[in-house]
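Peer 1:
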Amino acid sequence: MEYVSTRGGPGAADFEGALFSGYAPDGGLFMPSAVPQLDAPMLRRWSAFSYPRLVKELCSLFVAARLVPRNVLDDLIDRAFSRFRHKDVVHLSRLKDGLNVLELWHGATYAFKDLSLSCTGQFLQYFLEKKQKHITILVGTSGDTGSSAIESVRGQKNMDIFVLLPHGLCSQIQELQMTTVIEENVHVFAAHGNSDEIDEPIKELFADADFARKHNLMSLNSVNWSRIMVQIAHHFYAYFQCAPPLDTTPLPVVEIVVPTGGGGNITAGCIAQKMGLPIRLVAVVNSNDIIHRAVQHGDFSLSGDVKATLASAMDIQEPYNMERILWLLSDGDSSLIKTLMEQFNVSKSLKLPEDLHRKLVQTLGSCAASDEDIVRAMRRCWEENRYLLCPHSAVAAHYHYAQLGCGSRSTPRCCLAPASAAKFRDAVLRAGLVPDVPPEISVLTTLETRSTPLKRGEDWAKTLRERIEDVSWRWKGLLL
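Using numbering that gives the first Met the number 0, read the sequence shown as starting at 0 and increasing by one per residue.
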């Protein structure tokens with residue numbers, strides 16, 4: 000399996016190259032040069048697999064055995080999931096009126112990103128142990144990515160992680176999950192800006208090829224292919240859990256509703272669909288609705304400033320993984336994607352070509368939810384099931400309840416739940432409900448915190464460069 004850039008830059012990478020690069024050298028995103036195809040008999044065999052087994056099978060299709068032998072791959076994935084609280088790693092809650100909620104949040108930070116990042120951390124460590132090499136991980140977060148990334152690499156001697164968070168725009172718990180990690184290799188920056196603004200200095204550093212090469216710069220945001228690869232399993236497991244018996248031809252369809260911010264999870268769903276999984280995908284967003292407008296009207300354009308919502312991890316106006324989806328739908332037309340993304344990067348406005356928009360509509364449905372919609376969905380789910388949804392999961396539940404109102408019950412539906420309600424006390428209170436906070440979350444408010452402020456008007460990229468240089472010299476000094 001080789002990986003190519005969505006923008007058609009020269010040369011291909013193997014899995015190790017894609018893992019350590021994040022962005023492709025030409026600024027595009029890595030994608031597999033060919034998507035493996037699964038037929039109905041194989042899907043029927045896989046239907047009995049556990050979630051960890053599905054991750055192993057899927058990763059083996061995208062990671063060459065010469066790089067990571069299958070027995071080693073299986074062991075790395077077992078280690079990655081060893082800290083998860085639920086015996087099945089993920090869990091499906093079947094609630095009233097066909098509301099199926101796939102809980103992806105049983106990892107260390109109570110967020111779905113623990114699933115892919117715990118595996119990615121193991122893959123990184125496997126390759127790094129083979130060589131005397133130090134890497135610098137640079138991550139921007141809207142809430143959950145930062146803490147999951149930190150947990151995946153904390154304490155590792157050959158990795159330093161730099162995390163930028165939007166101060167005051169995450170929930171208190173999300174921020175504390177990052178700032179209370181006091182480890183020598185963890186560096187947290189609290190930026191006075193929104194999620195899209197903190198991406199700018201990160202992009203600037205990655206665009207400096209000499210600096211990126213000198214410090215082995217890489218990303219653990221969902222620009223990293225490894226994240227997308229593991230997340231493909233969410234869709235397979237959701238399908239097998241919610242589908243009726245697979246003894247018909249063609250196989251039955253399941254609708255999977257995906258809360259969407261940066262677009263990594265919905266991209267994984269598009270790849271699963273391309274592999275032959277019979278799913279209908281729905282991208283659900285909050286008031287930052289660029290993906291919804293792209294699906295409904297072909298309008299992939301910014302609409303004012305990022306809006307702060309109850310579903311804060313989805314407060315993103317530039318979902319970078321949309322580039323991967325458009326590349327898939329264009330059948331790998333990298334010249335077209337390069338032209339479109341360069342236009343968007345300059346003008347922040349893009350009207351999708353008619354043919355590409357038509358394919359997008361055939362691939363995805365979409366829905367947007369306001370804060371009021373989120374609160375109503377949280378309240379209804381509690382009243383009917385005594386089940387607390389996080390505000391992001393409530394965006395998916397809002398879509399489900401709206402479809403019930405339209406009389407839509409024929410196709411089984413699974414709503415992906417990206418986080419636990421325990422992380423979003425304020426949203427739970429706003430819905431008039433009582434937070435249920437486990438001890439490992441509540442203790443965070445008593446711990447020491449550490450972070451570096453990035454104030455408006457300062458040169459954030461310069462501050463990051465200087466700190467990365469300092470850390471790099473320190474690591475080199477340890478080798479002498």
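Beta carbons: idealized from backbone N, C-alpha and C, even for Gly.
Measure from the alpha carbon of R78 to the alpha carbon of each residue in R52, A64 and P31, then state which is nearest.
Peer 2: Nearest option by C-alpha distance: R52.
Peer 1: Give me the Cα-Cα distance between E341 and P277, rounded to the nearest whole angstrom.
Peer 2: Cα to Cα, the separation comes out at about 33 Å.
Peer 1: Please state whether DSSP places M0 in a helix, a strand or coil.
Peer 2: If DSSP states are grouped into helix, strand and coil, M0 belongs with coil.
Peer 1: Determine whether the beta carbon atoms of N320 and S221 lie at a separation below 8 Å.
Peer 2: Yes, the Cβ-Cβ distance between N320 and S221 is below 8 Å.
Peer 1: Measure the CB-CB distance between N264 and Q240 and report whether it falls below 8 Å.
Peer 2: No.
Peer 1: Please report the residue range of the beta strand (DSSP E) in which M377 lies.
Peer 2: Where M377 is concerned, there is no enclosing beta strand (DSSP E), although the alpha helix (DSSP H) it sits in stretches over D370 to N384.
Peer 1: Are at least three pairs of beta-carbons, each pair with one atom in the segment 434 to 442 and one in the segment 405 to 422, less than 8 Å apart?
Peer 2: A contact exists between the segment 434 to 442 and the segment 405 to 422.
Peer 1: Can you tell me whether D13 is helix, strand or coil according to DSSP?
Peer 2: Three-state result, D13: coil.
Peer 1: Using the C-alpha atoms, what's the distance from L216 back to L479?
Peer 2: Note that L479 scores a pLDDT of 46, beneath 50, so its modelled location is shaky and nothing firm can be said.
Peer 1: Drop a sphere of 10 angstroms on the beta-carbon of N193, count the other beta-carbons inside from all chains shown, and report buried for 16 or more, exposed for fewer.
Peer 2: The residue in question, N193, is buried, as its Cβ has 16 or more Cβ neighbours within 10 Å.
Peer 1: In three-state terms, what does DSSP make of L479?
Peer 2: With a pLDDT of 46 at L479, under the threshold of 50, the predicted position of this residue should be treated as unreliable, though the coordinate-derived value follows. Coil at L479, not helix or strand.
Peer 1: Taking the alpha-carbon positions, what's the Y398 to A208 distance?
Peer 2: About 43 Å.
Peer 1: Relative to the alpha-carbon of T410, which residue among L446, V470 and A242 has its alpha-carbon at the smallest distance?
Peer 2: For T410, the nearest C-alpha among the options comes from A242.
Peer 1: Excluding five sequence neighbours on each side, which residues of the same chain lie with their C-beta closer than 7 Å to the C-beta of I467?
Peer 2: Here the set comprises T135, F161 and H214.
Peer 1: Check the DSSP bridge columns for V283 and list the partner residues they point to.
Peer 2: Bridge partners of V283: P258 and C366.
Peer 1: Using the C-alpha atoms, what's the distance from T266 back to P200?
Peer 2: Going by the C-alpha atoms only, they are around 25 Å apart.
Peer 1: Contact defined as beta carbons within less than 8 Å: I believe N384 pairs with K95. What is the distance between those atoms, to the nearest angstrom?
Peer 2: That belief holds up - the Cβ atoms of N384 and K95 are roughly 6 Å apart, short of 8 Å.
Peer 1: Run the CB neighbour count on K55, radius 10 Å, all protein chains shown included, and call it buried at 16 or more, exposed below.
Peer 2: Buried, by the Cβ-count rule.
Peer 1: So, helix, strand or coil for Y125, using DSSP?
Peer 2: Here Y125 sits in helix by DSSP.
Peer 1: Quick check: what's the CA-CA separation for L219 versus L116?
Peer 2: Near 8 Å, if we compare the C-alpha coordinates of L116 and L219.
Peer 1: Identify the continuous beta strand (DSSP E) that holds P165 and give its terminal residues.
Peer 2: First-last of the beta strand (DSSP E) with P165: M158 to P165.
Peer 1: Would you say V185 and R153 are within 8 Å of each other, going by their C-beta atoms?
Peer 2: Result yes, Cβ atoms of V185 and R153 sit closer than 8 Å.
Peer 1: Mind checking who D298 pairs with in its DSSP beta bridge?
Peer 2: In DSSP, D298 forms a bridge with K350.
Peer 1: Going by other Cβ atoms of all chains shown within 10 Å of its Cβ, with 16 needed for buried, is V442 buried or exposed?
Peer 2: Exposed, since its Cβ has fewer than 16 Cβ neighbours within 10 Å.
Peer 1: Excluding sequence positions up to five away, which residues of its chain have a Cβ less than 8 Å from the Cβ of L359?
Peer 2: Contacts found: A293, V294, G297, I324, L325, L328 and L351.
Peer 1: Where does the unbroken alpha helix (DSSP H) through G93 begin, and where does it stop?
Peer 2: Residue 93 is actually Arg in this sequence, not Gly. Premise fails: R93 lies in the beta strand (DSSP E), H90 to R93, not in any alpha helix (DSSP H).
Peer 1: Identify every residue that forms a DSSP beta bridge with Y22.
Peer 2: BP columns for Y22 point to L28.
Peer 1: Using DSSP with H/G/I as helix, E/B as strand and the rest coil, what is P251?
Peer 2: Three-state DSSP puts P251 in coil, outside helix and strand.
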